[in-house]
Amino acid sequence: QDNVTLQLKWVTQGQFAGYYVAQAKGFYDEEGLTVEIKPGGPDIAPEQVIAGGGADVITTWMAAGLAARERGVPLVNIAQPFKSSGLLLTCLKEAGVETTADFPGKTLGVWFFGNEYPFYAWMAKLGLSTEGGADGVEVLKQAFNVDPLIQKQAACISTMTYNEFGQVLKAGITPEELTVFNYRDEGVGMLEDGLYVMEDKLADPAFVEKMTKFVRASMKGWEYARANPEEAAQIVLDNDMTGAMTLEDQVYQVSEINKLTEGSTGALDEAAYRQTVDTLLSAVSPDNPAITKEPEGAFSHVVTDGL
Amino acid sequence: MPATVVSAADLSLTFATNDGPVHALSNVNLSIGKGEFVSFIGPSGCGKTTFLRTIADLEQPTSGTLLINGMTPRQAREKRAYGYVFQAPALYPWRTIEKNVALPLEIMGYSAAEQAERIKRTMDLVNLSGFEKKYPWQLSGGMQQRASIARALAFDADLLLMDEPFGALDEIVRDHLNSELLKLWARTQKTICFVTHSIPEAVYLSTKIVVMSPRPGRVTDVIESTLPAERPLDIRETPEFLAIAARVRDGLRAGHSYEEHA
Amino acid sequence: MPATVVSAADLSLTFATNDGPVHALSNVNLSIGKGEFVSFIGPSGCGKTTFLRTIADLEQPTSGTLLINGMTPRQAREKRAYGYVFQAPALYPWRTIEKNVALPLEIMGYSAAEQAERIKRTMDLVNLSGFEKKYPWQLSGGMQQRASIARALAFDADLLLMDEPFGALDEIVRDHLNSELLKLWARTQKTICFVTHSIPEAVYLSTKIVVMSPRPGRVTDVIESTLPAERPLDIRETPEFLAIAARVRDGLRAGHSYEEHA
Amino acid sequence: MALISAWLFAWLFVERLSRALAPATRDNAGLGLLIPIVFGVTILVVWEVVTRGANVPQVILPPPSMIWARITSSVPTLLADFQQTFLKAVLIGYALGCGLGFVVAILIDRSPFFKSGLLPLGNFVSALPIVGVAPIMVMWFGFDWQSKAAVVVIMTFFPMLVNTVAGLNAASSIERDLMRTYAASYWQTLLKLRLPAAAPFIFNALKINSTLALIGAIVAEFFGTPIVGMGFRISTEVGRMNVDMVWAEIAVAAVAGSLFYGVITLIERGVTFWHPSVRGA
Amino acid sequence: MNKAFPIIIVLIGLLIVWYAAAIGMNAQWQNDVYRRAGTTDVPMTQFVQDTWNQEKPVLPTMHQVMGELWNTTVLVAPNKPRSLLFHAWVTFSATALGFLMGSVLGIALAVLIVHSEAMNRSLMPWIVASQTIPILALAPLIVVIGFNIFTGTLGIPTDPARLMSKAIISAYLSFFPVAVGMVKGLRSPEAIQLDLMHTYNASPSQTFWKLRWPASVPYLFTSLKVGVAASLVGAIVGELPTGAVAGLGARLLAGSYYSQTVQIWSALFAASILAAILVISVGLVEKLVARQMGARPA
Ligand SMILES: Nc1ncnc2c1ncn2[C@@H]1O[C@H](COP(=O)(O)OP(=O)(O)OP(=O)(O)O)[C@@H](O)[C@H]1O
Ligand SMILES: Nc1ncnc2c1ncn2[C@@H]1O[C@H](COP(=O)(O)OP(=O)(O)OP(=O)(O)O)[C@@H](O)[C@H]1O
Ligand SMILES: Cc1ncc(C[n+]2csc(CCO)c2C)c(N)n1
Ligand SMILES: [Mg+2]
Ligand SMILES: [Mg+2]
């Protein structure tokens with residue numbers, strides 16, 4: 001049995017259903033792996049964890065992964081189970097937002113902690129200042145929930161298709177009352193939830209072998225989750241130690257997640273990679289220096305080639 | 001007959017302690033008239049302090065009645081009927097000596113000028129001029145005790161309760177303060193309750209001497225002084241004086257023999 | 001000639017305070033032989049306590065030299081050369097009386113049996129049997145003072161420093177303790193430094209009387225007693241006694257007149 | 001291991017130094033400061049050597065020199081954050097929280113009714129978890145510093161309450177008796193006896209709260225804030241792997257907090273000069 | 001006066017304010033609901049009732065919170081993640097361990113500081129500085145790296161390791177009030193009481209045990225009360241970085257991700273009840289010790 005420690009980017013939820021399913025259904029066991037899944041949280045930077053030796057492989061967003069790479073943590077994308085991105089900017093029509101032209105003067109809620117890169121890239125593309133004022137937008141650091149929208153503290157907030165957006169709807173706000181911007185559609189979409197490891201480890205064939213098994217089992221998990229969203233949601237729920245989640249929420253989440261993993265073989269699509277890098281490089285600013293130069297060797301197909 | 005200032009009838013006070021009750025006062029009957037100077041004398045632990053504290057409404061009697069100017073001790077206290085000199089100086093460490101003396105004056109709302117005048121007068125009286133700005137811990141034991149006397153004299157209570165005020169003072173200062181106190185008393189017709197361990201002091205100062213004995217604390221003798229009101233220091237060599245002193249000493253000794261066989 | 005226990009040469013001590021220096025001791029020269037009983041007497045604030053504290057290494061002289069048994073005060077203290085009775089009782093409020101008396105015995109490592117025996121003996125000596133289990137605040141002022149005397153007598157120091165130990169006690173107990181102290185002294189040949197405000201007490205007890213005067217604190221007179229070693233209580237009426245007492249009183253008065261014009 | 005031996009070394013050195021300086025330093029503030037500084041510098045040097053020597057990734061622990069470079073190059077940002085977090089949230093929240101704790105303590109002291117009615121509730125808020133409170137305060141008071149100040153109020157309230165209640169009982173019985181003999185009113189006794197006697201306890205609370213307030217304000221900013229503030233910067237820059245900036249903010253927080261604490265200690269020395277712990281035994 | 005009476009009065013007062021505030025704070029949302037549903041002319045009583053019973057209110061009401069507390073304590077087996085008792089226990093164990101470590105450390109530091117001038121000068125400023133470092137910034141470092149060291153280098157199993165990392169944060173927060181209070185307390189003996197020890201040439205340890213320690217007891221207990229509360233805050237904060245583990249902090253956070261206000265409030269209440277129990281326990285011990293030490297009844 002080989003041991004693998006996976007550090008998630010966020011708390012246990014449907015977003016990571018594939019891994020939990022692979023574990024619960026014995027897919028890892030079949031590959032001869034014992035996988036420990038470490039849930040993340042609002043202050044866990046998986047990049048830091050892996051740099052400190054606390055994990056073998058992490059899930060993170062590509063922008064954050066590249067940023068870490070430029071700052072001396074040589075992360076390499078080895079697989080990309082999420083084919084498309086789920087990040088939205090969700091606005092109340094009532095607050096006067098119908099198109100991007102309505103942004104100036106509005107207050108927008110943004111997730112930070114490495115999640116802000118797409119937003120800044122977008123604003124750069126729109127040529128809007130983020131310093132507030134009549135011509136710019138007022139940025140709020142949004143907590144990881146939808147309260148600011150419901151209490152009308154912000155005109156727009158960040159949501160994920162698979163989670164917060166559902167919460168907004170569940171709260172009774174109808175889609176007609178909302179203006180939804182999908183980052184992908186705005187041309188600033190970036191790759192989310194990929195699997196990353198430390199570059200030097202890839203020199204070891206045994207490690208590559210181990211990761212190949214891991215990715216294979218994980219992709220099998222994702223496939224299973226797509227086929228059995230309800231069961232997958234229940235598995236996620238069983239792994240939630242806080243007892244705070246409901247099955248209903250997780251079923252919704254898994255079903256939405258399935259749309260994002262749909263069609264991924266696990267291998268990174270280099271076009272999508274290019275698009276992410278180009279977007280990031282187009283928006284370099286002192287406020288938002290995700291990356292300042294073209295990354296080298298930030299991904300590798302060595303693992304997915306062996307699938 | 002002068003009005004009664006303190007009248008105790010069958011007054012008893014028992015402290016409950018971890019190892020049984022202590023009978024600090026037992027059936028005390030005593031009446032003190034206006035303008036009297038009463039000394040309390042008795043072996044240590046016989047209840048002198050407790051009696052003064054009861055008058056001052058700092059302890060509650062277990063049984064019996066106690067009236068001060070016809071009022072309950074509490075009412076009397078609220079009327080600020082008395083000034084109290086404690087056995088320990090009880091100065092506040094964050095106040096200078098002069099501020100300590102000013103404390104009751106501030107509380108009773110004297111004007112600043114009046115305060116200054118009174119502080120000066122009483123500090124002079126107890127010979128502490130020059131130490132106004134010192135803090136209590138910078139004074140010797142006797143000086144602290146004098147400061148606490150000054151504090152009690154600074155305002156005009158008709159009843160003075162003094163618990164061994166001169167215990168820590170040498171003979172010369174003591175003589176000086178004794179005669180100052182007598183002068184003050186004669187001038188103002190205050191009523192004074194005075195605890196002392198010195199038989200000559202008790203006899204010299206008092207119109208009435210209360211001898212107490214311990215376990216349980218009782219009054220064993222009340223001696224009305226036959227000395228004249230006018231008392232020069234050398235009255236202490238007269239036979240009359242010595243006779244009273246002898247009677248006090250006998251009373252005291254009796255209390256002690258009791259204690260020694262307890 | 002007996003060995004010198006305390007020898008002070010040109011000893012001065014000045015306290016710095018918020019409003020200027022206080023000269024508590026100024027050029028004190030004094031030597032105390034082994035087995036002597038020395039009383040210190042002087043107006044309040046003249047430096048008696050300060051001098052005792054300097055001997056005890058609780059204050060550091062500003063200038064001059066002080067030797068205890070030929071050692072520095074610090075070395076002497078480290079040898080536990082003395083027992084000290086403070087002017088205030090300084091009992092620890094969280095200890096019962098008997099535990100307070102036991103304190104030095106615990107520190108000096110006496111066995112439990114030895115401790116019990118000594119506690120009993122000294123508590124008897126100061127007449128506090130029956131109050132072993134009480135806490136300090138449950139005792140009268142005089143009883144607290146006696147407890148602190150018991151504490152200092154419980155262990156065997158060759159030098160006793162006593163700062164007004166009997167100040168809060170009545171004449172009878174005082175006489176009793178005076179003669180007990182004399183007995184103890186005669187039996188053990190301890191050296192005793194004794195601060196008192198009572199002239200008769202000083203004369204009755206001492207082989208040497210040191211008269212001090214304040215501002216700055218100085219030794220104004222050192223009187224060697226001519227009284228015999230054997231001293232019944234009624235020695236206090238002899239002319240010899242009265243003569244010494246008169247000389248002390250004169251010395252005291254001189255100190256005061258100085259103070260009164262300061 | 002390296003850290004421990006470094007600390008031991010620093011300490012030994014300081015021990016020697018303070019021995020040597022002991023008589024001289026009594027009243028010499030300059031020399032007094034020397035010791036902690038020497039200690040600190042030693043630690044910094046060791047930190048620098050260890051991080052560079054052992055090649056610790058900078059996203060985990062950057063060397064001090066790099067942190068310093070970041071501080072000097074980011075002065076305007078640091079200043080804006082400091083103003084937002086310290087000058088607004090911390091100071092205002094601290095004043096309100098300590099004031100509230102104090103007032104409630106007096107109320108409790110004043111009336112037996114409040115004593116049994118409010119003290120249990122006081123215990124109840126003692127550990128209102130900042131995590132739960134901060135989002136609620138954001139909900140109630142908005143994203144700006146007001147909600148952070150509210151969190152600081154809640155965090156500083158309890159230490160002040162407990163210490164003031166204990167302090168108000170610190171006056172000795174004879175000192176109280178004296179006031180009774182003057183038939184002093186409640187407020188007179190409070191003002192002239194019990195508050196001065198309580199001062200050492202109250203200053204304890206003021207000192208503890210000075211650091212607690214800073215922690216509270218910074219942590220509260222993790223739960224929603226405008227994009228300025230020390231807590232915002234810390235949480236954001238951790239996510240961006242700019243750990244040097246995180247430490248720059250921490251350094252600012254440490255300096256500000258220490259100065260804050262130092263100022264209160266100075267005031268304490270002035271006000272409770274009479275207490276044995278200050279008078280020096 | 002009956003002891004419970006004032007509490008009840010104060011509580012009733014509080015409840016009135018609470019329910020009134022709930023109407024005000026939940027009104028906006030309620031009106032939106034009516035507007036969306038097209039309902040008009042809602043009677044006042046209906047409106048009030050609705051504001052008191054929203055699923056995700058801005059301010060949940062007492063009965064909602066109590067109901068949730070009841071549902072998650074009594075109606076669930078205490079070993080299930082759904083149970084608040086389970087989370088309270090997890091948090092409590094970290095609190096207790098952290099409090100123990102923090103108090104011991106705080107007292108030890110105070111002892112060093114009081115006894116050595118070098119310690120006072122070199123340690124004190126750094127202790128203060130340590131407290132101004134926002135723990136949450138360090139919490140991930142401690143939880144992540146500490147956890148790795150515990151499980152990796154030291155080979156400790158996951159659960160105790162997680163407990164230890166939380167307890168360390170807990171201790172980090174609680175040692176400071178204890179140290180500050182104890183420095184004051186250990187320096188509180190009167191000069192004359194110290195002089196007495198001096199005359200016996202008592203060793204520092206004797207002076208400590210027989211004088212400084214007992215004299216510091218009032219300060220000790222006030223410090224411990226603040227310390228135990230700080231420990232609880234620390235334990236909860238230590239549960240933050242990893243959002244999905246057990247404990248009241250994780251529960252709070254998880255609740256907040258789904259805007260489960262009622263759930264947040266019930267966890268908040270659970271934490272407060274835990275805090276009150278801890279502080280009151282320290283108070284009880286204080287009373288006992290005071291009696292043991294012959295304290296004068298007030
Ligand atoms: N608060 C108390 N609790 C219990 N017992 C007490 C208390 N105060 C005094 N006592 C006891 O009451 C008795 C009388 O004490 P009191 O202080 O009145 O004596 P006293 O005559 O003033 O003695 P002294 O001359 O020594 O001051 C003593 O036995 C003492 O132990
Ligand atoms: N810690 C101190 N700081 C400043 N001045 C002090 C200090 N201790 C004593 N003094 C001053 O030193 C002088 C001598 O004080 P000391 O206590 O020795 O007098 P004493 O002779 O014992 O008087 P008493 O008979 O009243 O006890 C006094 O003027 C006093 O004010
Ligand atoms: C540390 C961290 N914070 C926020 C996000 C953004 N995000 C992606 S999914 C999700 C949870 C809600 O669905 C959130 C908040 C992230 N990825 N990692
Ligand atoms: Mg008395
Ligand atoms: Mg003296």
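Chains as they are written, first to last, in the numbering used here: chain X, 1 to 307; chain P, 1 to 262; chain H, 1 to 262; chain Y, 1 to 281; chain F, 1 to 298. Just so you know, even glycine gets a beta-carbon here, dropped at the ideal spot from N, CA and C.
On the DSSP bridge list, what partners appear for residue i?
i, result
"residue 90/H", "Per DSSP, none; premise fails for residue 90/H."
"residue 211/X", "In DSSP, residue 211/X forms no bridge with anything."
"residue 16/P", "21/P"
"residue 181/X", "89/X"
"residue 3/X", "34/X"
"residue 196/X", "58/X, 77/X"
Excluding five sequence neighbours on each side, which residues of the same chain lie with their C-beta closer than 7 Å to the C-beta of residue i?
i, result
"residue 225/X", "17, 18, 21, 232, 254, 258"
"residue 290/X", "63, 66, 67, 117, 280"
"residue 108/P", "80, 155"
"residue 202/Y", "163, 164, 167"
Near residue i, which residues of its chain fall below 8 Å by C-beta distance, leaving aside the five closest residues on each side in sequence?
i, result
"residue 98/X", "179"
"residue 110/Y", "186"
"residue 86/H", "148, 163"
"residue 184/P", "153, 190"
Under 6 Å Cβ to Cβ from residue i, same chain only, skipping five residues before and after it: list those, please.
i, result
"residue 234/Y", "246, 249"
"residue 23/Y", "Caution applies to residue 23/Y, whose pLDDT of 49 falls short of 50 and renders its modelled position unreliable; the model cannot decide the point."
"residue 114/X", "64"
"residue 200/Y", "272, 275"
"residue 235/X", "20, 21, 24"
"residue 53/H", "59"
Between residue i and residue j, how many whole angstroms is the CB-CB distance? I'm expecting something under 8 Å.
i, j, result
"residue 57/Y", "residue 72/X", "6 Å"
"residue 254/Y", "residue 93/Y", "Contact doesn't hold; Cβ gap of about 19 Å is too wide."
>> Report the start-end ranges of each alpha helix (DSSP H) in the stretch 137-186 of chain H that is 4 residues or longer and not cut off at the edges.
In response: 141-153
>> My parser needs the beta strand (DSSP E) runs of 3 or more residues fully inside the stretch 75-129 of chain H; what are they?
In response: 82-85
> Is it a yes or a no for the stretch 140-156 of chain P touching the stretch 26-41 of chain P, going by three-plus beta-carbon pairs under 8 Å?
Replying inline: no
> Where are the beta strand (DSSP E) runs, 3 residues long or more, that stay fully inside the stretch 60-138 of chain Y, in chain order?
Replying inline: none
>> To test your reading of the DSSP string, which unbroken alpha helix (DSSP H) runs of 4 or more residues are found completely within the stretch 168-227 of chain F?
In response: 191-199, 204-207
>> Measuring CB atoms only, is the stretch 245-252 of chain P touching the stretch 217-237 of chain P, in the sense that at least three cross pairs come out at less than 8 Å?
In response: yes
> Would you call the stretch 232-252 of chain F and the stretch 51-58 of chain F in contact, with 3 or more CB pairs under 8 Å?
Replying inline: no
> In the stretch 36-60 of chain P, which residue ranges form an unbroken beta strand (DSSP E) of at least 3 residues, counting only runs that do not cross its ends?
Replying inline: 37-41
> Mind pulling the alpha helix (DSSP H) runs of 4 or more residues that sit fully within the stretch 211-248 of chain Y?
Replying inline: 230-239
>> Under 8 Å, with one C-beta from each stretch per pair, do the stretch 4-14 of chain F and the stretch 40-47 of chain F reach the 3-pair mark?
In response: no
> Do the stretch 5-19 of chain H and the stretch 62-69 of chain H touch if we need at least three Cβ pairs shorter than 8 Å?
Replying inline: yes
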